[in-house]
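Numbering (my numbering), first residue to last: 132 to 245.
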């Protein structure tokens with residue numbers, strides 16, 4: 132079992148930046164995919180970005196504004212979000228995927244508002 136704890140959410144003005152962190156603990160396999168997803172009020176959960184040991188993948192609407200990265204020594208994945216827009220307001224969830232299945236964090240709320 133893997134536990135995920137997200138942090139870094141909060142209130143930010145349009146055009147601002149935030150960095151989210153997701154710390155993983157437990158039975159972590161070296162071959163895994165970690166990712167960020169988000170769910171806005173009244174909408175379905177959607178992909179933000181994923182990262183493996185060698186590649187990254189972004190949803191089209193996030194390319195150029197968001198950057199996903201990971202620190203394998205700390206079992207932590209980050210999401211740097213720049214040029215934030217009100218439509219980025221959502222709960223952001225971390226996801227861990229391996230051959231043993233998927234695990235989700237509880238989410239961290241991001242609100243973009245003036």
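Virtual Cβ for every residue (Gly too), placed ideally from N, Cα, C.
This one's a predicted model, so the numbers in the text were calculated from it and none came from an experiment.
{"Query": "Residues near residue 181 by beta carbon distance below 6 Å, same chain, minus five either side", "Result": "164, 166, 188"}
{"Query": "Which of helix, strand or coil DSSP assigns to residue 175", "Result": "coil"}
{"Query": "Ranges of the beta strand (DSSP E) found wholly within the region 184 to 232, counting only runs of at least 3", "Result": "187 to 189, 197 to 202, 207 to 212, 221 to 229"}
{"Query": "Residue 201 to residue 209 span [Cα, whole Å]", "Result": "6 Å"}
{"Query": "Residues bridged to residue 164 (per DSSP)", "Result": "228"}
{"Query": "Span of the beta strand (DSSP E), counted from its first residue to its last, around residue 141", "Result": "141 to 143"}
{"Query": "Collapsed DSSP secondary structure at residue 148 in the structure displayed", "Result": "coil"}
{"Query": "Residue 234 beta carbon less than 8 Å from that of residue 135", "Result": "yes"}
{"Query": "Cβ shell of residue 242 (< 6 Å), same chain only, five flanking positions each side left out", "Result": "142, 220"}
{"Query": "Cβ neighbours of residue 216 in the same chain (closer than 7 Å, five flanking residues each side left out)", "Result": "145, 243"}
{"Query": "Proximity to residue 231 [Cα-Cα], best of 138, 139, 158, 154", "Result": "158"}
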